[in-house]
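Structure, as structure tokens:
2 protein chains.
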Amino acid sequence: MEKLYTKETLRAMIQPVTDAVYVLNGKWKLAILICLTFENMRFRQLTNEIPQITDRMLSKELKELETNLLIRRTVSPAAPKRFEYSITDHGKSLHNVVIELHKWGLKHREEISQR
Amino acid sequence: MEKLYTKETLRAMIQPVTDAVYVLNGKWKLAILICLTFENMRFRQLTNEIPQITDRMLSKELKELETNLLIRRTVSPAAPKRFEYSITDHGKSLHNVVIELHKWGLKHREEISQR
DNA sequence: CAGCATCCCAAACGATACTG
DNA sequence: CAGTATCGTTTGGGATGCTG
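Chains A and B, in that order, give the protein sequences.
The working numbering puts the first residue of the first sequence at 1, with every later residue one more than the last.
The working numbering puts the first residue of the second sequence at 116, with every later residue one more than the last.
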């Protein structure tokens, strides 16, 4: 983001960037997405992967992720019914964002711990 | 984030990614950062660039950004004193994150508006 | 197992007024 | 200009218990 960017270009970035963080916000959203990146999971599996989360919050966060088309909930028709959560293509498109956040998160921890 | 990643690798990503969004969270943080990417700015300039923000919120967000070493506040010694905010190298290191968030934010808006 | 309902506390945010 | 103080509202989130 050097001076290659005009003021107008930068101004135009604010809204999309703000939108993005807004969607990803919530204490557990990224954790859930990262889990579902590895494999489809059921509700109880997710609570095991993310031990501190409560049922209430998992339920809420899953709904919001679904609303934003980042994950999908499927019910197997046959008894016993299985409820499974999986990441959508749109969710997968967060790949680069997650990678960059990860890199920067590590860097930031170092930076902060040094002072 | 395909199956190149083991479950352990993905588990290890959760904390850094969560750290990163935590730091960037707050309704105006990225907006401020993007503004300061273009040029150093004074308090009142920032409120002009980001019309909806209140003095209180700008003040709060600036402090948090400074605590996290993303921006710097400098006071010119000569009268009249000038208080200026500028982005730090660490703040600039968010470049890739911002770029990816921007790209994804645009994509997301399209995705959502289609349904 | 897969949640939802309720209650409650803390943090985020906004509006307004005021100060050096 | 560059903020701070105070107050009220809204949202986020934890604890617990209940349901199909």
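Don't be surprised by glycine CBs; every beta carbon is placed ideally from N, CA and C.
Against chain B, the beta carbon of R73(A) has no neighbour under 7 Å; the closest one sits roughly 16 Å away.
Taking the Cα of F83(A) as reference, the smallest distance to any Cα among I112(A), R72(A), W28(A), K92(A) is reached at R72(A). H217(B) and D19(A) have their C-alpha atoms some 9 Å from each other. The alpha-carbon of E66(A) is positioned some 56 Å away from that of A193(B). When DSSP assignments are scanned along the segment 31-91 of chain A, the uninterrupted stretches of beta strand (DSSP E) that are 3 or more residues long and fall wholly within it turn out to be 71-75, 83-87. Nearest Cα to K60(A) within the set E39(A), E49(A), I32(A): I32(A). Spatial neighbours of N140(B) in its own chain (CB-CB distance under 8 Å, excluding positions within 5 residues in sequence) are not present. Using a Cβ-Cβ distance cut-off of 8 Å, the segment 51-58 of chain A and the segment 150-163 of chain B are not in contact, since fewer than three pairs of beta carbons, one from each stretch, lie closer than that value. Of the candidates H108(A), H95(A), S113(A), H95(A) places its Cα closest to the Cα of K222(B).
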